[in-house]
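Below you'll find the structure, written out as structure tokens, and then a few comments.
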Amino acid sequence: MEVEFSKDNFLLPEMKYECELINILFAFNYRLHGWGTSLKEAFEQCGVAMFGYMTELEYVSVEQCFEIEAKGDDLEGLLFHFLDELLFLFSAEPYLVCKKLEITKFDMETFEISCRCYGEPFELGKHPQGTEVKAITYSAMQIVQDTAANHYEVFVIIDI
721 MEVEFSKDNF
731 LLPEMKYECE
741 LINILFAFNY
751 RLHGWGTSLK
761 EAFEQCGVAM
771 FGYMTELEYV
781 SVEQCFEIEA
791 KGDDLEGLLF
801 HFLDELLFLF
811 SAEPYLVCKK
821 LEITKFDMET
831 FEISCRCYGE
841 PFELGKHPQG
851 TEVKAITYSA
861 MQIVQDTAAN
871 HYEVFVIIDI
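In the numbering used here, the protein residues as written are 721 to 880.
Take a look at the structure:
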């Protein structure tokens with residue numbers, strides 16, 4: 721659902737993600753890797769990494785904001801469904817490419833997320849076409865939580 725937002729004092733977060741080519745059982749796959757000082761930030765960064773894999777984010781401006789919700793049965797399921805909702809936002813109208821994600825609700829007891837997604841609709845000619853992400857997978861999914869060091873990482877294989 722589209723929500724109102726103000727561009728006043730709007731800041732983009734520091735980039736804390738990468739997309740890596742890895743070899744699993746003699747097959748090459750792409751893995752999204754996001755990290756941060758909280759699990760919420762690591763989830764946000766992983767989501768932005770997926771959009772960064774599909775197009776070059778420096779060509780994306782923030783013109784619209786949509787809110788999504790995701791729910792899982794456990795933490796891995798929550799990450800899967802969160803990324804799947806983001807992929808749907810890109811794959812169907814409004815075809816949104818997100819440059820910033822802001823998780824506004826991150827409930828680790830009920831495994832629910834609400835997230836504001838900032839970006840603009842994908843347009844050929846304006847946005848370079850990267851590789852299509854077909855699906856999110858559970859394959860080799862990892863969620864690393866080092867609470868003592870305030871360091872959190874998520875790793876997700878994507879089907880291309």
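Cβ coordinates follow ideal geometry from the N, Cα and C atoms, glycine included.
Original post:
Can the beta-carbon of E813 be found less than 9 Å from the beta-carbon of A790?
Top reply: no
Original post:
beta strand (DSSP E) containing E738: first to last residue?
Top reply: Y737 to I744
**OP:** With distances taken Cα to Cα, identify the nearest neighbour of A762 among F725, I880, H871 and D879.
**Re:** H871
Original post:
Among L731, L799 and K727, which residue has its Cα nearest to the Cα of F875?
Top reply: L799
Original post:
Where do the N-terminal and C-terminal ends of the alpha helix (DSSP H) with L806 fall, by residue?
Top reply: L795 to S811
**OP:** Taking F802 as the reference, give the member of I823, Q784 and E783 with the closest Cα.
**Re:** Of the residues I823, Q784 and E783, the one whose Cα lies closest to the Cα of F802 is I823.
Original post:
Which value, in whole angstroms, describes the spacing of the CA atoms of L745 and C739?
Top reply: 19 Å
Original post:
CB M774 to CB V853, shorter than 9 Å?
Top reply: yes
Original post:
Are the beta-carbon atoms of V817 and G839 separated by less than 9 Å?
Top reply: yes
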